[in-house]
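S.K.: Our numbering puts the sequence shown at residues 3 to 481. Backbone N, C-alpha and C fix where the C-beta goes; we use that ideal spot for every residue, glycine too. Note that the coordinates shown come from a computational prediction; the quantities given were computed from them, not determined experimentally.
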Amino acid sequence: MGGRNMTVKNISIGFTRSGTHPRNLIAYQKILSKKGIRVFAVCEGEIEKKEYSSDVQVYCFERWLKSHWKELKCKDLENYQQKYPDINLWEIFYTDRYIRYKYNYNDAVKFIIGMIQFWEEILEAEKALCLVSDCIIGAENFLGMIVGKKMGIPYISIVCGRNEKNKSFFSCNEGFLNVEFNQLMERGYVATAEEKQRAEQFIDSYKNSKKQPFYMKNTVMQSRRICSTCWTYIKKIKHIYYLFDGRFYNKFNPQLYRSRRERMEPALEPIRRLYIKKYFHQPDYQEDYILYPLHFQPEASTCVYARKYENQLFFIDQLAKSIPAGKILYVKEHSVRVGHRPVSFYKQILKYPNVKLITPEADIHTLIQNSAFLIVLTSTAGFEALMYEKPVFVCGDVFYEGFSGVKKIRDVFNEKNSFLVPPKQDKERYMNQMACYLKTLKDCTTREEPLYECSKKDLRSLQKLSMKSLLNYLSISNE
Numbered sequence: 003m004g005g006r007n008m009t010v011k012n013i014s015i016g017f018t019r020s021g022t023h024p025r026n027l028i029a030y031q032k033i034l035s036k037k038g039i040r041v042f043a044v045c046e047g048e049i050e051k052k053e054y055s056s057d058v059q060v061y062c063f064e065r066w067l068k069s070h071w072k073e074l075k076c077k078d079l080e081n082y083q084q085k086y087p088d089i090n091l092w093e094i095f096y097t098d099r100y101i102r103y104k105y106n107y108n109d110a111v112k113f114i115i116g117m118i119q120f121w122e123e124i125l126e127a128e129k130a131l132c133l134v135s136d137c138i139i140g141a142e143n144f145l146g147m148i149v150g151k152k153m154g155i156p157y158i159s160i161v162c163g164r165n166e167k168n169k170s171f172f173s174c175n176e177g178f179l180n181v182e183f184n185q186l187m188e189r190g191y192v193a194t195a196e197e198k199q200r201a202e203q204f205i206d207s208y209k210n211s212k213k214q215p216f217y218m219k220n221t222v223m224q225s226r227r228i229c230s231t232c233w234t235y236i237k238k239i240k241h242i243y244y245l246f247d248g249r250f251y252n253k254f255n256p257q258l259y260r261s262r263r264e265r266m267e268p269a270l271e272p273i274r275r276l277y278i279k280k281y282f283h284q285p286d287y288q289e290d291y292i293l294y295p296l297h298f299q300p301e302a303s304t305c306v307y308a309r310k311y312e313n314q315l316f317f318i319d320q321l322a323k324s325i326p327a328g329k330i331l332y333v334k335e336h337s338v339r340v341g342h343r344p345v346s347f348y349k350q351i352l353k354y355p356n357v358k359l360i361t362p363e364a365d366i367h368t369l370i371q372n373s374a375f376l377i378v379l380t381s382t383a384g385f386e387a388l389m390y391e392k393p394v395f396v397c398g399d400v401f402y403e404g405f406s407g408v409k410k411i412r413d414v415f416n417e418k419n420s421f422l423v424p425p426k427q428d429k430e431r432y433m434n435q436m437a438c439y440l441k442t443l444k445d446c447t448t449r450e451e452p453l454y455e456c457s458k459k460d461l462r463s464l465q466k467l468s469m470k471s472l473l474n475y476l477s478i479s480n481e
């Protein structure tokens, strides 16, 4: 985090389960213990807690909540809001894909208060140097960041680089701004010829390969795709068993707690996928269109980083009323888990005469190249569009929002005139920014994919490099 190098002893670093796999943490503990640094883990459920080695100190929210539930008082919510006034606590609550819309008022308030008290107890007990995750993904992480901030303990996000596997940049607090990149921009850093050449090669490689972001192709995301084979449909029948599985009645574990209807959703997705095909159009590249790529939901990319517009139907409604005359809004469905949205979602979009639903099979590269410009929340498509020198309007919080060719919109309806004059990319400035962005990416990740994809030797090397990068960022001596 800048400043002089220092060797720190007898302190700890906390890793959240949402960002660090337990098997990675075992390796990190061995690496960091040599420098006198302890590690501890924070997880949500008791099932997750069992994944950790007995040598690791693990704080489990589900276990804590069960033992403190009766002590939590709804009347204390206002006191905690006054104690943490930087952001509305209900706003944080609704960033969480697991707890929102599931609980009544009293239970929801108890969750908010419980998460705050849980983090206060942890951070008071631990001499924590920082908390580490991949990014803020929901209310528990968000409140950990808020509590830590008040105590002077930074929340560090190790954010995966877009289109760069096993490389990441470091971010503080909400986890979308690239700290080192911003520092380079503030200093007026000019990339070297070699760094600019690397940026050009990166862009050329992207255009020529037409590759997807790695996290849409890895083993985790593949498991979330809905295959079109009959065998996949048959396997969905297993979800009927879940209707009677008692684990799903445990309200202290929001990830498991769900109604019978929710448990049947995966079984309904293949049926929906077949049904909704009739709503999609093939793109007409002769049309004058604006491209909006839908986000998969629920995900942190919208729930956390585009909170105002995470209801995408509302966002599309605002866009339909705001785009320039003579243009059509192309809404492209996300290619991951087509069928996870209710049919009513698509029917509502079809009501807008200046909006067209585009098939998820349409090539995103060709769509970008033939568009007038893109409007995105936090989509990677916006980052990719800049490589084609296309204007991008960003309506959420994302790392590339300061790049040349991007304009941030905070209120679509009230700033609709901005769409009349799309931002123009300054090629030289953009190439310098891209070079600086790539310069900030480290051989570092806490994600779980390398556990399955790397050899043991490469995995050990990556784990060591990841902790070396973290200590460098914290300005702790690696000697």
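1. Do you know offhand how far TYR454's Cα is from ASN419's?
2. Nearest to VAL400 by alpha carbon, out of LYS167, LYS349, PRO362 and ILE377?
3. Go to PHE415, then tell me how far its alpha helix (DSSP H) extends in each direction, as first and last residue.
4. Which residue comes first and which comes last in the alpha helix (DSSP H) that contains SER373?
5. In terms of residue numbering, what span does the beta strand (DSSP E) encompassing TYR61 cover?
6. Identify every run of the alpha helix (DSSP H) within the segment 66-128, keeping only runs that are complete inside it and at least 4 residues long; order them along the chain.
7. Pick from SER381, ILE366 and HIS297: whose alpha carbon is nearest that of ARG343?
8. Assign SER173 to one of two classes, buried (16 or more other C-beta atoms within 10 Å of its C-beta) or exposed (fewer than that).
9. Kindly give me the distance between the Cβ atoms of TYR332 and TYR291, rounded to whole angstroms, as I take these residues to be in contact under 8 Å.
10. Could you check what DSSP says for ASN184 in three-state terms: helix, strand or coil?
11. Which residues does DSSP pair with PRO344 in a beta bridge?
12. Hey, how far is the Cα of LEU91 from the Cα of ILE114?
13. Any idea what DSSP makes of SER463, helix, strand or coil?
14. Please check if any C-beta of chain C sits within less than 7 Å of the C-beta of ARG102.
15. Would you list the residues sitting across from SER170 in a DSSP beta bridge?
16. Leaving out five residues before and five after TRP71 in sequence, what residues of the same chain have Cβ atoms less than 8 Å from its Cβ?
17. Looking at the unbroken beta strand (DSSP E) that takes in LYS426, where does it start and where does it end?
18. How many whole angstroms separate the CB atoms of ASP136 and GLY21, which I take to be in contact at a CB cut-off of 8 Å?
19. Does DSSP put TYR294 in a helix, a strand or coil?
20. Under a three-way DSSP split, which group does SER14 fall into?
21. For my contact list, PRO156 and GLY150 are in at a C-beta cut-off of 8 Å; report their separation, rounded to the angstrom.
22. Note down the Cα distance separating GLU123 from CYS456, rounded to an integer number of angstroms.
23. Touching or not, the segment 357-365 and the segment 139-149, by the rule of three or more beta carbon pairs under 8 Å?
24. Using the rule of at least 16 other Cβ atoms within 10 Å of the residue's Cβ for burial, across every protein chain shown, is ARG449 buried or exposed?
25. State the CB to CB distance for the pair ASP445 and ASN168, rounded to an integer number of angstroms; the pair is presumed to be in contact (CB under 8 Å).
26. Give the DSSP-derived three-state secondary structure of ARG200 in the structure shown.
27. Per DSSP, which one or two residues make a beta bridge with TYR332?
28. Could you check whether PHE395 and ILE370 sit closer than 7 Å to each other, using their CB atoms as the reference points?
29. With DSSP run on the structure shown, which of helix, strand or coil describes ALA364?
30. May I have the straight-line CA-CA distance separating ILE101 from GLU93, to the nearest angstrom?
31. Going by C-alpha to C-alpha distance, which of PHE95, SER56, TYR294 and ILE49 sits closest to PHE41?
32. Cutting at 8 Å between CB atoms, please list the residues of its own chain near ARG226, excluding the five before and the five after it.
33. By the 10 Å Cβ neighbour count, where 16 or more other Cβ atoms means buried, how is GLY154 classified, buried or exposed?
34. Between the Cα of PRO295 and the Cα atoms of LYS334, GLN284 and THR442, which residue gives the shortest distance?
35. How would you label ILE15, buried or exposed, when you count the other beta carbons within 10 angstroms and need 16 or more for buried?
36. Taking the beta strand (DSSP E) that ALA193 belongs to, which residues open and close that run?
M.R.: So, from the data block:
1. 49 Å
2. ILE377
3. Element bounds for PHE415: n/a, residue is neither H nor E.
4. That residue, SER373, is in no alpha helix (DSSP H); it is neither H nor E in DSSP.
5. 59-62
6. 79-85, 91-95 and 107-127
7. HIS297
8. buried
9. 5 Å
10. helix
11. Beta-bridge pairing links PRO344 to no other residue.
12. 7 Å
13. helix
14. Among the chains in the structure shown there is no chain C, since it carries only a single protein chain.
15. CYS162 and LYS444
16. LYS112, GLY116 and PHE254
17. Unbroken run through LYS426: none, as it is neither H nor E.
18. 4 Å
19. strand
20. strand
21. 7 Å
22. 37 Å
23. no
24. buried
25. 7 Å
26. helix
27. LEU293 and LYS358
28. no
29. coil
30. 13 Å
31. Correcting the residue identity first, residue 41 is Val in this sequence and not Phe. Per the Cα distances, SER56.
32. Caution is warranted here: a pLDDT of 43 is assigned to ARG226, below 50, making its placement in the model unreliable, and the coordinate value is therefore given only provisionally. If we look at ARG226 and ignore the five residues flanking it on each side, its Cβ neighbours are VAL338 and ARG339.
33. exposed
34. LYS334
35. buried
36. Premise fails: ALA193 is in no beta strand (DSSP E) and is neither H nor E.
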